Amino acid sequence: MNRLQQEHPRFSRAQTRHPRSSAIAPHRGWHHRVLCSGLLGLAALLGGCGSTDFTGEKGLATFTASSCGGLLSDIGGCDLKKGVAVGGVVDVAAKSAKTGLALGLSSDIPAILTVQPSDRGGSSIVGQGTGTAYLSAVDGNAAEIDRLSVKVVEVAQLVYNTASMGFGTFRLQPVGDVDGTFDLNDGVSKFTLLFLQVDAGGQPLLGRSSFTAELSPGLSYQPGRENPQSLQFELAKPAAAGSYFLTVRSKMGPGRFKLQINVK
21 MNRLQQEHPR FSRAQTRHPR SSAIAPHRGW HHRVLCSGLL GLAALLGGCG
71 STDFTGEKGL ATFTASSCGG LLSDIGGCDL KKGVAVGGVV DVAAKSAKTG
121 LALGLSSDIP AILTVQPSDR GGSSIVGQGT GTAYLSAVDG NAAEIDRLSV
171 KVVEVAQLVY NTASMGFGTF RLQPVGDVDG TFDLNDGVSK FTLLFLQVDA
221 GGQPLLGRSS FTAELSPGLS YQPGRENPQS LQFELAKPAA AGSYFLTVRS
271 KMGPGRFKLQ INVK
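So, in structure tokens, the structure goes:
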């Protein structure tokens, strides 16, 4: 039994044979978190819900990670210990543990990790290459106050998440270039499909905007959801019956998943 099967018991041996794509069950606490959020459905979970605080190695600064491309808009937080995907973006803020004043950020190895302005305000880190770099909290003179070790990892697989199952029936059936099928339930007009990006050991990686997505003709996003930055695809039921395709690819690394969506 490999590491992925041990940590996710619903991940069968047959599913792990395919090197580029898989299906994975949500964590046991997922349903509890959804109920506690007060949100009634997957499609309603669109705003940023989670952030995670870390104390630096010296205990002098607090780093807060958010908008990390996690499941259901980061409902599980943004644990930087999981690693950042190559090409992935995570918002990070730092402040002094003593005064609470905001601090700047810098990276000691830009070839692995860079700091840039976030498109959401503040700063973000971007995984550039595999390895480990220090993310430093710095004062106005660029002097280091504290630091945090951040690992950047290549995306080995893109994984279908069975939290999407409420909208239809998924089967992991690699045939040709298709990795799995999804039969949309009758009566569904809008649906959400969720994926995870994982490393070679099956561990989820952080980072939004680390992928590209292609929809076949006739398949479209819900209005206002045309540019997903996380692996959460808000789709509208096609007007005509038939088979449609969603193809998701990692911008860097071998991760890829092509899903055939069958509509009656």
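Residue 21 is where the sequence shown starts when you use my numbering, and the numbers rise one by one after that. Glycine residues also receive a C-beta, built at the ideal position from the N, C-alpha and C atoms. Just so we're clear, the structure is a prediction, and the values are computed from it rather than from any experiment.
- Beta-bridge analysis with DSSP links residue 217 to 178.
- Excluding its 5 nearest sequence neighbours in each direction, residue 160 has C-beta neighbours in its own chain below 8 Å: 124, listed in chain order.
- A Cβ-Cβ separation of about 7 Å places residue 227 in contact with residue 107 under the 8 Å criterion.
- In the same chain as residue 240, and ignoring 5 residues on each side of it, the C-beta atoms closer than 6 Å to its own belong to 256, in chain order.
- Going by DSSP, residue 124 is part of the beta strand (DSSP E) stretching over 122-127.
- DSSP places residue 94 in the helix class (H, G or I) of the three-state scheme.
- DSSP, read as helix, strand or coil, puts residue 131 in coil.
- Of the residues 231, 144, 130 and 260, the one whose Cα lies closest to the Cα of residue 87 is 144.
- Annotated three-state conformation of residue 163 is coil, per DSSP.
- Only residues of its own chain outside the window of five on either side were considered, and among them 41, 178, 199 and 268 have a CB closer than 6 Å to the CB of residue 277, listed in chain order.
- Residue 170 and residue 100 have their alpha carbons spaced roughly 7 Å apart.
- Taking 8 Å as the cut-off, the beta carbon of residue 104 is found no closer than this to the beta carbon of residue 158.
- Distance from the CA atom of residue 97 to the CA atom of residue 82, rounded to whole angstroms, is 16 Å.
- If you draw a straight line from the Cα of residue 166 to the Cα of residue 117, it is about 10 Å long.
- In this structure, residue 263 places its C-beta atom within 8 Å of the C-beta atom of residue 282.
- Leaving aside the five residues that flank residue 131 on each side, the residues in its chain whose CB is nearer than 7 Å to its CB run, in chain order, 148 and 149.
- Counting of Cβ neighbours within 10 angstroms places residue 152 among the exposed residues, the total staying below 16.
- Taking C-beta separations shorter than 8 Å and ignoring five residues to either side along the sequence, the partners of residue 238 in its chain run 258, 259, 260, 262 and 264, following chain order.
- Taking all protein chains shown into account, residue 225 has 16 or more neighbouring C-beta atoms within 10 Å of its C-beta and is therefore buried.
- Burial check for residue 127: the Cβ neighbour count within 10 Å reaches 16 or more, so the residue is buried.
- Judged by DSSP in its simplified three-state form, residue 100 adopts helix.
- By a beta-carbon distance limit of 8 Å, residue 188 does not contact residue 215. Their separation comes to about 15 Å.
- Per DSSP, residue 247 has no beta bridge partner at all.
- Listed in chain order, the non-local C-beta contacts of residue 193 below 7 Å within the same chain comprise 200 and 201, local neighbours out to five positions each way being set aside.
- A distance below 6 Å between beta-carbons, with the five flanking residues on each side excluded, links residue 218 to the following residues of its chain, in chain order: 177, 179 and 224.
- Per DSSP, the unbroken beta strand (DSSP E) holding residue 75 starts and ends at 71-75.
- In the structure shown, residue 200 falls within a strand segment according to DSSP collapsed to helix, strand and coil.
- Around the beta carbon of residue 195, fewer than 16 other beta carbons sit within 10 angstroms, so the residue counts as exposed.
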